[in-house]
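**Student:**
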Amino acid sequence: CEKGGQWALALTLLSGMPAARLVPDAISCSAAISACEKSGQWQFALVLLGEMLTTKVPPNEISYNAAISACEKCGQWEAALGLLRSMPATDAMPSEVSFNAAVSACERAGLWRVALALLSRLEALALRLGAIGCSAAISACEKGGRWQVAMHLLAGMHDMSVRPNLISCCAAISAYQKGRRWRLSLRLLDDMLLASTAPDEVTCNAAAGACEAAGCWRLVPGLLSALLRLRASPRGVSPSRSAVPDPRPEGARARALAGHGHPKP
């Protein structure tokens, strides 16, 4: 039931356990909460967690993580943060998974300051800071229009030996697009190619959008042509009708502008 997201059946089975002289434990309760999480039933997930607190079955880390994820998926960031704060009181210690889910909840709401505070707390607890949490925080900065913070977060990943993934790079380029920082977008694309991280459709479109939004529409045709060669197959973004194709080889201008030094914003 849990793996299939059959939350209603999971709740029925859980409630029927006492009649069959079976005692629900942390494993069965956590599985039911996880089923609710997969189906987006965050209210039922919280009810189950509350029932565990009032019985002799204390919730564990897995129970809390599933409930926090349920809140995150449904945009209930306040509930997610409340659960994270309440974990130590029940001897359930937050893990990297707990913080990642909470940061993702903040990302959906664009709460970049709270997301950064959670990352700092994660480090203070000597927990491993991974690409998932960093990517969610960068995306929160993008939604909050903080391209500078997104840039520093991305650079900080390298300093902490955390390799940026496609999601973190895409979020950063989207942040640069909103800030009309086309040079940063092209530089990051260049870094992705050097790191053998193939840009996807969303990433390419964001980079092209950054160039066009900043008035550098002449770069867009050459950029999209080069990215088509990389099989990124960008769709949905087209250059201005007045755009003139770059006469130089495909992508040469974009790569030249990207350069190898630190670009100016």
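First residue of the sequence shown: 122, per the working numbering; consecutive thereafter. We put the beta carbon where it would ideally sit given N, CA and C, even for glycine. As the structure is a computational prediction, the values presented were derived from the model and not from experiment.
Could you give the distance in angstroms between the alpha-carbon of residue 252 and the alpha-carbon of residue 278?
**Tutor:** As a working note, residue 252 is residue 131 in the sequence shown. As a working note, residue 278 is residue 157 in the sequence shown. If I take the Cα positions, the gap works out to 8 Å.
**Student:** Can you find the residues in the same chain that come closer than 8 Å, C-beta to C-beta, to residue 147, ignoring five residues on each side of it along the sequence?
**Tutor:** Here the question's residue 147 lines up with position 26 in the sequence shown. The residues are 173, 178, 179, 180, 181, 183 and 184.
**Student:** Alpha carbon to alpha carbon, how far is residue 188 from residue 212?
**Tutor:** Sequence index remark: in the sequence shown, residue 188 carries index 67 (1-based). Sequence index remark: in the sequence shown, residue 212 carries index 91 (1-based). Roughly 16 Å separates the two Cα atoms.
**Student:** What do you get for residue 260, buried or exposed, if any count of 16 or more other CB atoms within 10 angstroms of its CB means buried?
**Tutor:** For the purposes of this step, residue 260 is taken as residue 139 along the sequence shown, with counting starting at 1. Under this definition residue 260 is a buried residue.
**Student:** Taking the Cβ atom as the reference point for each residue, do residue 294 and residue 282 lie within a distance shorter than 8 Å?
**Tutor:** In the sequence shown, counting from the first residue as 1, residue 294 sits at position 173. In the sequence shown, counting from the first residue as 1, residue 282 sits at position 161. Result no, Cβ atoms of residue 294 and residue 282 do not sit closer than 8 Å.
**Student:** Would you verify that the beta carbon of residue 190 is, or is not, closer than 8 Å to some beta carbon of chain C?
**Tutor:** The question asks about chain C, but that chain is absent: this structure has only one protein chain.
**Student:** Could you please give the first and the last residue of the uninterrupted alpha helix (DSSP H) stretch that includes residue 195?
**Tutor:** Here residue 195 refers to the residue found at position 74 when the sequence shown is read from its first residue. Run containing residue 195: none; DSSP gives neither H nor E here.
**Student:** DSSP state of residue 281, grouped into three classes?
**Tutor:** Locating residue 281 in the sequence shown gives position 160, where the first residue counts as 1. Three-state DSSP puts residue 281 in coil, outside helix and strand.
**Student:** Run through the region 158 to 185 for me and flag every whole alpha helix (DSSP H) of 4 or more residues, listed as ranges in chain order.
**Tutor:** Fully enclosed alpha helix (DSSP H) runs of 4 or longer: 163 to 175.
**Student:** On a CA-only basis, which of 271, 149 and 167 is nearest residue 237? Give me that one, please.
**Tutor:** Residue numbering aside, residue 237 sits at position 116 when the sequence shown is read from its first letter. If we check each option's Cα against that of residue 237, 271 comes out closest.
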